[in-house]
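The next block holds one structure in the form of structure tokens; read it before the comments.
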Amino acid sequence: MLSDHEKQFFPKVFVGSRKSGKTTALLQRAEETKIPILTHDENMKSYLKSEAKRRGHENVKVLTVNDLHKDGRRKPEKVIVDEAQLMLERLLGTRMDCFSATSYDIVTSDTLDFQGGDDGQPSNAPLLVIEVQDMESVPVVRYKGETLTGKVQVGYEWETKGCDDLGKHSLSLEYFDQDQQSVKCIKFRRFPCDEN
């Protein structure tokens with residue numbers, strides 16, 4: 008049997024489905040411990056920084072693997088890894104079927120402290136968020152609280168023309184779904200009245 012001292016060498020693991028509160032728990036842990044979060048790409052880095060700010064975690068630092076290898080940068084002693092499977096797939100350059108991990112501190116989705124709506128997402132989550140850092144960057148897109156990766160096309164338009172105060176909305180999102188190995192489309196148009 009391992010002692011408590013020996014157990015500290017194994018990571019704490021948060022396990023749960025999408026929108027179960029894992030990211031919220033990681034942000035809280037990063038704030039409490041001052042350990043930076045390591046994520047697989049710039050889009051997730053931007054998303055996590057935005058979420059940290061939105062939740063009032065001003066001291067959370069987020070890094071990518073590329074950030075760790077920049078010249079002159081001192082690597083942190085420890086990191087908190089967001090979405091371990093995505094990180095490993097990116098580093099290995101191949102998809103994973105399954106993986107094992109040794110931990111003596113496993114937190115499952117049913118024990119995460121997460122206040123969500125009936126559909127499992129935060130009750131105040133907007134339908135669509137598009138963040139653009141500058142005209143040289145790839146936008147970060149969140150639809151119904153889920154960050155879309157593998158974006159193919161992103162379009163949103165709103166016009167004040169129309170017969171009611173809400174105007175016209177047009178939404179078109181296309182993204183590559185790695186699980187299904189196909190391009191998924193989300194399209195929505197709101198035309199308030201007949202324009203004849």
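One rule links them: number in our numbering = place in the sequence shown (from 1) + 7. In this text, a Cβ means the ideal position worked out from N, Cα and C, and glycines have one as well.
Looking at residue 34: is its Cβ nearer than 8 angstroms to the Cβ of residue 67? yes
Beta-carbon proximity check, residue 190 vs residue 110, cutoff 8 angstroms: no
Quick one: what's got a C-beta closer than 6 angstroms to residue 115's C-beta in the same chain, skipping five residues either side? 22
What are the partner residues of residue 196, as DSSP defines its beta bridges? 177
Who are the near neighbours of residue 72 in its chain, counting only those whose CB is closer than 8 angstroms to its CB and skipping five residues on each side? 45, 47, 94, 97 and 98
According to the neighbour-count rule (16 or more other Cβ atoms, all chains shown, within 10 Å of its Cβ), is residue 26 buried or exposed? buried
With a 10 Å radius around its C-beta and 16 neighbouring C-beta atoms as the bar for buried, classify residue 29 as buried or exposed. buried
Alpha carbons only, please: which of 147, 177 and 81 is nearest the one belonging to residue 196? 177
By a C-beta neighbour count over all protein chains shown, 10 Å radius and 16 as the cutoff for buried, is residue 31 buried or exposed? buried
May I ask which residues mark the beginning and end of the beta strand (DSSP E) holding residue 158? 158-166
At 3 residues or longer, and completely inside the segment 32-95: list those beta strand (DSSP E) runs for me, N to C. 44-46 and 69-71
Can you grab the Cα-Cα spacing for the pair residue 149 / residue 182, in whole Å? 12 angstroms
How is the beta strand (DSSP E) around residue 21 delimited, first residue to last? 20-22
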